[in-house]
Amino acid sequence: MNNWDDTIVALASAPGVGALSILRISGPNAFSSLSKLAPKAKPEDRKSHSAFVTRIFRESELLDEALVTLFKSPASFTGEDVVEIGLHGSPFVVQEVLKASLSAGCRLAGPGEFTQRAFLNRKLDLAQAEAVGDLIAAESQASHRAALQQLKGGLSKEISKLRQDLIDFTALIELELDFSEEDVEFADRSRLTQLVTEIKSHIKRLMASFATGQAVKNGIPVVIVGPPNAGKSTLLNALLEEEKAIVSPVAGTTRDVIEDVLDLEGIRFRFVDTAGLRKTDDLVESIGISKTREQLSKAAFVLLLQAPDSDTTEVNTIEVEIQERALPYLKIHSKSDLSSDNFNGFSISASTGSGMEELKTEIVRRSVNLEMLQAETSMITNLRHYEALDKTNIALNQVTFALEAGLTGDLLATDIREALFHLGTITGEITVEDILGSIFTRFCIGK
Ligand SMILES: Nc1nc2c(ncn2[C@@H]2O[C@H](COP(=O)(O)OP(=O)(O)OP(=O)(O)O)[C@@H](O)[C@H]2O)c(=O)[nH]1
Ligand SMILES: [Mg+2]
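So that you can map any letter, position 434 of the sequence shown is 433 in numbering that gives the first Met the number 0, and since no number is skipped, the others follow by simple counting.
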């Protein structure tokens with residue numbers, strides 16, 4: 000257990016009219032600071048995890064009546080003595096109590112400092128600590144679930160297991176090195192080859208989840224394309240139920256990229272309306288079209304619109320481009336209210352709303368790996384973790400190479416140690432100061 004000699008304080012939830020604001024204090028002086036603020040609190044006589052109502056004073060002036068919760072070290076989020084003060088007061092009262100706690104022996108916490116203490120006290124590993132940050136930022140049900148799974152330690156357990164398997168093996172190889180004169184092999188090479196192959200495929204699965212993981216965190220990008228006037232902007236507006244994009248009968252109305260997020264079935268999507276794709280001599284429109292290509296390169300799913308009066312050659316050219324990029328897409332006949340033809344496939348009218356609900360269902364079904372989202376499996380949502388897995392994989396490729404070439408134990412051990420190092424940076428079993436700094440400063444103050 001680390002022992003800091005200072006006690007930190009911060010607002011853990013924002014003050015607002017009618018809302019409870021929580022002031023969180025953690026450190027060796029947490030209870031003595033509380034006693035100064037609330038003489039009747041008597042924290043030493045109370046059990047951990049007890050909550051009670053008490054009056055908060057600054058000197059003899061009554062500031063608020065507060066709901067206080069105590070957590071005694073080591074049974075707290077940070078592992079230290081923790082006091083949480085729930086204030087009813089206005090932002091003014093909250094500021095006054097915060098100031099009074101500074102005079103009572105606390106200092107203001109930096110960003111993420113509570114979580115950092117929790118990590119350094121081994122209450123959470125690094126991947127879990129990062130999940131706290133994701134949980135705070137989670138805006139949709141799916142991203143919330145992914146963060147919670149990581150916070151529960153799902154990913155950490157998987158990584159630790161992979162590491163342990165490798166560590167057991169390195170131990171055998173290092174034993175061989177001690178007996179190098181005698182030319183013995185404790186570590187069965189074919190068993191090691193098998194183990195490395197298993198670990199590599201596990202890592203591949205985790206790395207493949209990154210695309211879904213990222214999409215869940217930031218919104219799955221769905222790009223709307225089609226010839227001019229096909230009704231792209233009208234569709235965006237109908238999906239968002241808001242007049243976000245300008246709609247007009249003039250071909251080439253949309254030039255910029257217009258986007259907004261929408262949650263469907265608890266999953267966040269980012270719908271992107273574009274200038275479409277066509278050959279044009281108009282300078283501004285051609286800039287818009289190159290922006291459409293840029294959006295396509297980031298798309299997870301494409302909606303291709305074709306109106307009854309669209310030029311089919313233009314539609315086909317766009318469809319070929321989508322296929323060349325190997326993007327999953329849905330071809331939609333738009334403005335169905337203007338045509339009595341029976342199309343094969345999807346048809347909608349953004350004006351009358353016909354086909355819109357079916358379209359939303361189809362987008363969710365086609366663009367998300369629902370199995371991955373719903374299963375209780377770990378997903379990689381964090382670029383740092385993805386890069387660490389990538390480096391682990393490269394090191395393991397070296398191990399495979401060394402095994403195939405029949406290289407000696409010491410060379411094998413070096414590559415395995417390299418793989419262990421990168422795996423260890425995910426959960427923080429191996430910590431590098433710069434990594435810690437950059438992770439926790441991204442948190443907000445009070446967490
Ligand atoms: N009847 C009918 N008209 C529609 C429908 N959707 C769009 N329109 C009309 O078609 C015209 C073009 O619509 P937009 O949404 O601006 O088309 P766009 O594809 O964004 O066009 P550009 O931005 O110019 O490429 C407008 O006059 C819309 O009112 C529909 O479902 N039914
Ligand atoms: Mg438009």
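Just so you know, even glycine gets a beta-carbon here, dropped at the ideal spot from N, CA and C.
For ligand 2, is there a heavy atom less than 7 Å away from the beta-carbon of residue i?
i, result
"D255", "no"
"A244", "yes"
"S159", "no"
"T77", "no"
"D272", "yes"
Could you have a look at residue i and say whether DSSP puts it in helix, strand or coil?
i, result
"K231", "helix"
"P468", "This structure gives no information on residue 468, because the portion of the chain shown stretches from 0 to 446."
"F56", "strand"
"D44", "helix"
"L66", "strand"
"R254", "coil"
"R188", "helix"
"V92", "helix"
"I347", "coil"
"L406", "coil"
"H87", "coil"
"K446", "coil"
"D167", "helix"
"R116", "helix"
"L263", "strand"
"K122", "coil"
"A11", "coil"
"I288", "helix"
Can you tell which of the options has the C-alpha that lies nearest to the C-alpha of residue i?
i, options, result
"L97", "F56, P327, E258 and A136", "F56"
"T77", "L154, E264 and T6", "T6"
"L176", "L147, I429 and T407", "T407"
"L194", "I223, A207 and K160", "K160"
"R267", "S208, F442, V398 and R144", "R144"
"F420", "Q149, L119, Q163 and I219", "Q163"
"D4", "G26, S285 and E417", "G26"
"T192", "R416, L402, E417 and P110", "L402"
"K290", "D281, A274 and K278", "A274"
Is residue i near ligand 1, in the sense that its beta carbon is under 7 Å from a heavy atom of that ligand?
i, result
"L295", "no"
"P227", "yes"
"T311", "no"
"T316", "no"
"K151", "no"
"D280", "no"
"T233", "yes"
"K446", "no"
"S289", "no"
"P307", "no"
"D259", "no"
Using 8 Å as the threshold, is the C-beta distance between residue i and residue j below it?
i, j, result
"V93", "L10", "yes"
"G104", "S31", "yes"
"V81", "R23", "yes"
"L358", "Y328", "no"
"T391", "I202", "yes"
"L62", "A99", "yes"
"K334", "S348", "yes"
"V283", "V222", "no"
"I158", "L422", "yes"
"L263", "V131", "no"
"S89", "L69", "no"
"S448", "I393", "Nothing in the structure corresponds to residue 448, since the chain is present only between 0 and 446."
"K231", "T253", "yes"
"E129", "A412", "no"
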